[in-house]
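Undergrad:
In this note's numbering, the protein residues as written are 287 to 914.
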């Protein structure tokens, strides 16, 4: 979510902010008709989707002139065309997604459309007209009222009538029901819990197992404390309503997303660790506002740790300086340490990726990127990839908002392994953490561990059967044996619409004999027949390149598929550890370079010109056999 105190409409587009009409009905969307369901695959298929997306029902999306409905969001996800807030068409180049959750902010859900509807009681609030004024100062002043309530967790009295929220929530549920096509396309009912104490990002996406959900979502206006959200989820579960919570943008949490204390400041105890783990099995590792895997200052020996790092707090010109508590790899390590002390691990997270788009349409493709916040970043100039007319990079310095938008990325997606594309099976995969995240491309990655599973590759059905029968997939625990060490099997397949693969890595974190956490990255598969250096554990660079003038990338470097059978050369059966796979593509053009090429200018010299897209598996946790 954007900090609401920021300017909400570009001056050149202010007239559009008063448009009360809904966006046109989506064009070219496949009809939601029943089709013959494919037979379930006992070895599981890879399905891709987005678990974090906003429509006009989110207060911040609406003020950015977004008028697209949940129905239109689903139409886009199914491969259809919808309209952007600035009037141009939105359509994915890489084809439909397999599943989608619309996760509008529960706070003030549907309130902004009501304020902007003539005759609605909310339209009569004294500052309603100011919200949709052509005077930017008036808009900012009126909208700041919403920001202030989120920062302190207190609902505005003038919007205390929840009938509007209930109506919008009902529409979201009904849209999910209408657009669900079992076996072909899955809709998941969800929302975003938007806790932002003092502007720190503690947001969660709550995803329900079915479309039988509570009458109203729980909001940060009831409590900013995520512990209260989890307790509410426990209450719902006791009534038969199953859900999970997914933290996002930990990188913008000021180090508070994965703290070593509870909300009250006391050290984490077992009950709290169990409560969190039970309700939050997953965390969002990549999205438009950067990657939360790790940071160069947290992982100085990982040369790929600096990938798509968000440099400013959300909606603020203040640079991010606190990283501990804000990145997933460190949280996974801290979880091992906490578990050793209290007997439970609160940070036993599987990996997912999503867009967090506020356009009702995710930007997952570098060459088809439209950023995130409606008319605020709808053009290359507004998002910092081209200078204003009459300016050059030599005589133009972007303002804070533009500079911040320029560091956002075309990310991301969640992959799951499930027997069929149904709500039941997609949710079950999320629950068991047989999930992976990608920075946008539809890279498939599988990851198993076990004893004696290294003889058959995952590139064959026989190998997958063997891995499931004798090992455990990503997201699982592997219990150690008295003798021997486990094998790891990993396989990755490229996205045919993106670049070939360069390497597969395994990231290891462990708790050493002295009780301190450690980490190390191992390359385990090299493209182009490359050999891993045994002293550095790295592949040689495969020589893949990108022509910055055209964005053409090497067609003769990299592999369509990589696989490896690997065992940890530093394995210690007495130490708790986790392992996850990270798959790296060959370099391609970043979205900002694509924008510049289309404009016929040189790319912004302050931005990375290329990107190495990647995928992250969920971890496998090694649990030593207890003596005696």
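Think of the CB as a built atom: it goes at the ideal place given N, C-alpha and C, for glycine as much as any other residue.
Let me make sure I understand the geometry here. Which of 426, 421, 481 and 469 has the alpha-carbon closest to that of residue 441?
TA: Taking the first residue of the chain shown as 1, we reach residue 441 at position 155. Selected option, being the one with the closest Cα: 481.
Undergrad: Quick one, which of 465, 828, 844 and 806 has its alpha-carbon nearest residue 591's?
TA: As a working mapping, residue 591 is identified with position 305 in the chain shown. Among 465, 828, 844 and 806, the Cα nearest to that of residue 591 is on 806.
Undergrad: Is it the case that the Cβ atoms of residue 341 and residue 397 are separated by a distance below 7 Å?
TA: Translated into positions along the chain shown, residue 341 becomes position 55. Translated into positions along the chain shown, residue 397 becomes position 111. No, Cβ-Cβ distance for residue 341 and residue 397 is not below 7 Å.
Undergrad: Please go through the region 372-426 and give each complete alpha helix (DSSP H) segment of 4 or more residues, from N-terminal end onward.
TA: Counting only runs of 4 or more, we get 397-401 and 414-417.
Undergrad: Quick check on residue 833: does DSSP put it in helix, strand or coil?
TA: The residue given as residue 833 occupies position 547 in the chain shown. It is coil, neither helix nor strand.
Undergrad: For residue 497, tell me which candidate among 462, 471, 530 and 486 has the shortest Cα-Cα distance.
TA: Taking the chain shown and counting its residues from 1, the one referred to as residue 497 is at position 211. Minimum Cα distance to residue 497 is reached at 462.
Undergrad: Just to confirm, are residue 742 and residue 329 a CB contact at a threshold of 7 Å?
TA: For the purposes of this step, residue 742 is identified with residue 456 of the chain shown, where counting begins at 1. For the purposes of this step, residue 329 is identified with residue 43 of the chain shown, where counting begins at 1. No. Outside cutoff.
Undergrad: Touching or not, the region 653-661 and the region 354-374, by the rule of three or more beta carbon pairs under 8 Å?
TA: Cβ pair count under 8 Å is three or more, so yes.
Undergrad: Count the other C-beta atoms from every protein chain shown that fall within 10 angstroms of the C-beta of residue 375, then say buried if there are 16 or more, exposed otherwise.
TA: Translated into the one-based positions of the chain shown, residue 375 becomes position 89. Burial call: exposed.
Undergrad: Which residue comes first and which comes last in the beta strand (DSSP E) that contains residue 849?
TA: Sequence index remark: in the chain shown, residue 849 carries index 563 (1-based). Where residue 849 is concerned, the enclosing beta strand (DSSP E) stretches over 847-852.
Undergrad: Can you check whether the CB of residue 360 is closer than 7 Å to the CB of residue 571?
TA: Residue mapping note: residue 571 aligns to position 285 of the chain shown, counting from 1. Residue mapping note: residue 360 aligns to position 74 of the chain shown, counting from 1. Against a cut-off of 7 Å, the Cβ pair of residue 360 and residue 571 comes out as no contact.
Undergrad: Alpha carbon to alpha carbon, how far is residue 815 from residue 836?
TA: The count along the chain shown starts at 1 and reaches residue 815 at position 529. The count along the chain shown starts at 1 and reaches residue 836 at position 550. Between residue 815 and residue 836, the C-alpha separation is close to 28 Å.
Undergrad: Apply the 10 Å Cβ neighbour rule to residue 647 and answer buried if 16 or more other Cβ atoms are within range, or exposed otherwise.
TA: Start at 1 with the first residue of the chain shown, and residue 647 comes out as number 361. By the 10 Å Cβ count, residue 647 comes out buried.
Undergrad: Drop a sphere of 10 angstroms on the beta-carbon of residue 583, count the other beta-carbons inside from all chains shown, and report buried for 16 or more, exposed for fewer.
TA: To locate residue 583, count along the chain shown from 1; it is residue 297. Burial call: exposed.
Undergrad: Between the alpha carbons of residue 364 and residue 769, how many angstroms are there, rounded?
TA: The count along the chain shown starts at 1 and reaches residue 364 at position 78. The count along the chain shown starts at 1 and reaches residue 769 at position 483. Using only the alpha carbons, I get a separation of about 50 Å.
Undergrad: Can you tell me which of 867, 560 and 545 puts its alpha carbon nearest to the alpha carbon of residue 729?
TA: To locate residue 729, count along the chain shown from 1; it is residue 443. The shortest Cα separation from residue 729 among 867, 560 and 545 belongs to 867.
Undergrad: Please report the Cβ distance between residue 745 and residue 813, rounded to the nearest whole angstrom; I am assuming they are in contact, meaning their Cβ atoms lie under 8 Å.
TA: Here residue 745 is taken as the residue at index 459 of the chain shown, counted from 1. Here residue 813 is taken as the residue at index 527 of the chain shown, counted from 1. Going by Cβ atoms, the distance from residue 745 to residue 813 rounds to 15 Å, so no, they are not a contact pair.
Undergrad: Measure the beta-carbon distance from residue 639 to residue 580 and round it to whole angstroms, keeping in mind my assumption that it falls under 8 Å.
TA: What you label residue 639 is simply residue 353 of the chain shown in a count that begins at 1. What you label residue 580 is simply residue 294 of the chain shown in a count that begins at 1. With a Cβ gap of about 15 Å, residue 639 and residue 580 do not count as contacting.
Undergrad: Just the Cα atoms here: how many angstroms apart are residue 785 and residue 568?
TA: As a first step, residue 785 must be located in the chain shown, where it is residue number 499. As a first step, residue 568 must be located in the chain shown, where it is residue number 282. Rounded to whole angstroms, residue 785 to residue 568 spans 28 Å at the Cα level.
Undergrad: Is it right to say residue 675 is buried, meaning 16 or more other beta carbons lie within 10 angstroms of its own, or is it exposed?
TA: Within the chain shown, residue 675 is the residue found at index 389, counting from 1. Under this definition residue 675 is an exposed residue.
Undergrad: Please identify the residue among 673, 411, 688 and 531 whose C-alpha is closest to the C-alpha of residue 603.
TA: Taking the first residue of the chain shown as position 1, residue 603 is located at position 317. Comparing Cα-Cα distances from residue 603 to each of 673, 411, 688 and 531, the minimum goes to 688.
Undergrad: Along the alpha helix (DSSP H) that carries residue 356, what are the first and last residues, could you check?
TA: Within the chain shown, residue 356 is the residue found at index 70, counting from 1. Taken as a continuous stretch (DSSP letters only), the alpha helix (DSSP H) holding residue 356 covers 356-363.
Undergrad: Under three-state DSSP, which class holds residue 569?
TA: Residue mapping note: residue 569 aligns to position 283 of the chain shown, counting from 1. Strand at residue 569.
Undergrad: Distance, Cα to Cα, residue 882 vs residue 671?
TA: Residue numbering aside, residue 882 sits at position 596 when the chain shown is read from its first letter. Residue numbering aside, residue 671 sits at position 385 when the chain shown is read from its first letter. Spanning the two alpha carbons is a distance of roughly 6 Å.
Undergrad: Anyone know if the C-beta pair for residue 834 and residue 810 falls short of 7 Å?
TA: On the chain shown, residue 834 is found 548 positions in, with the first residue counted as 1. On the chain shown, residue 810 is found 524 positions in, with the first residue counted as 1. Cβ atoms of residue 834 and residue 810: not closer than 7 Å.
Undergrad: Give me the residue from 510, 598 and 377 with the minimum Cα distance to residue 575.
TA: By one-based count along the chain shown, residue 575 stands at place 289. Out of 510, 598 and 377, 598 has the C-alpha closest to the C-alpha of residue 575.
Undergrad: In whole angstroms, what separates the C-alpha of residue 434 from that of residue 485?
TA: Within the chain shown, residue 434 is the residue found at index 148, counting from 1. Within the chain shown, residue 485 is the residue found at index 199, counting from 1. In a straight line, the C-alpha of residue 434 is about 9 Å away from that of residue 485.
Undergrad: In whole angstroms, what separates the C-alpha of residue 710 from that of residue 654?
TA: Your numbering for residue 710 matches position 424 in the chain shown. Your numbering for residue 654 matches position 368 in the chain shown. One C-alpha to the other measures close to 32 Å.
Undergrad: Please report the straight-line C-alpha distance between residue 677 and residue 691, rounded to a whole angstrom.
TA: The residue labelled residue 677 in the question sits at position 391 within the chain shown. The residue labelled residue 691 in the question sits at position 405 within the chain shown. Approximately 19 Å, taken between the alpha carbons.
Undergrad: For the beta strand (DSSP E) containing residue 871, name the first residue and the last one.
TA: Walking along the chain shown from the start, residue 871 turns up at place 585. Element bounds for residue 871: 863-871.
Undergrad: Tell me the DSSP bridge mates of residue 723?
TA: Looking up residue 723 in the chain shown gives position 437. Bridge partners of residue 723: 700 and 902.
Undergrad: What does the alpha-carbon distance come out to for the pair residue 875 and residue 514?
TA: Position 589 of the chain shown holds residue 875. Position 228 of the chain shown holds residue 514. C-alpha separation (whole angstroms): 43 Å.
Undergrad: Going by other Cβ atoms of all chains shown within 10 Å of its Cβ, with 16 needed for buried, is residue 664 buried or exposed?
TA: Start at 1 with the first residue of the chain shown, and residue 664 comes out as number 378. Classification for residue 664: buried.
Undergrad: How would you write the range of the alpha helix (DSSP H) that residue 883 sits in, first residue to last?
TA: The residue labelled residue 883 in the question sits at position 597 within the chain shown. Element bounds for residue 883: 877-885.
Undergrad: Closest to residue 824 by CA distance: which of 906, 418, 788 and 392 is it?
TA: Along the chain shown, read from residue 1 onward, the residue named residue 824 stands at position 538. Measuring from the Cα of residue 824, the nearest candidate turns out to be 788.
Undergrad: Quick one: what's residue 778 bridged to in DSSP?
TA: On the chain shown, position 492 is the one that residue 778 refers to. Answer by DSSP bridge pairing, in chain order: 731 and 848.
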